[in-house]
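Let me begin by presenting the structure, written as structure tokens, before commenting on it.
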């Protein structure tokens, strides 16, 4: 009898807790220095985060920062695809055209993955958010390896990689890893 009367209220409390955990985590404020200490290029991270309205060195709200950066990543991936298509159209050098075509496929995948990052974030699946962001980074790196001499393309690759790495860090914070 004790067992049954204890289990039902416990399950209700547990389910309520699980429903509210993502919102508690997303409202958490984390100092920029803590976020950027986990980035592979902390300086780039700090430049990016400190340029975002509402972010101070004291901290940033994880949820709103994540949403903002996901939008930035999506826009950057779209702008990069546009640049790549322009480079393909305007390049007569076949040695450059093929790497650009490969990068076009990479960035189509990256753009799709940024959509999955957003979907994962919106559903509270922060592990999925991280793994989809990791796919974006791999696609960007693959493009960089295929077109290492393309200065215009490299100018787009690094900022998107930096933003996506920040998104991965934020996903870890949201998932409770930090």
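Residue numbers (the working numbering): 15 to 192. Just so it is clear, CB atoms sit at the ideal spot from N, CA and C, and this is done for glycine as well. Quantities reported herein were computed from a predicted structural model and do not represent experimental measurements.
Can you name the residues that DSSP bridges to residue 150? Paired residues: none, contrary to the question.
Under 8 Å between C-beta atoms of residue 117 and residue 86: no
Compute the Euclidean distance between the alpha carbons of residue 168 and residue 90, then round it to the nearest angstrom. 13 Å
Please determine whether the Cβ atom of residue 52 lies at a distance below 7 Å from any heavy atom of the ligand GDP. No copy of the ligand GDP occurs in the structure displayed, which carries no ligand at all.
Can you list, in chain order, the residues of its chain whose CB lies under 7 Å from that of residue 122, leaving out five sequence neighbours each side? 95
What does a CB cutoff of less than 7 Å around residue 119 pick up in its chain, not counting 5 residues either side in sequence? none
Separation of residue 114 from residue 37, as counted between CA atoms: Reliability fails at residue 37, whose pLDDT of 44 lies under 50, so the model's placement of it is uncertain and no value is given.
When the Cα atoms are used, what is the spatial distance from residue 124 to residue 178? 10 Å
How should residue 101 be labelled, buried or exposed, when 16 other C-beta atoms within 10 angstroms of its C-beta is the threshold for buried? buried
Buried or exposed for residue 176, please, with buried defined as at least 16 other CB atoms from any protein chain shown within 10 angstroms of its CB. buried
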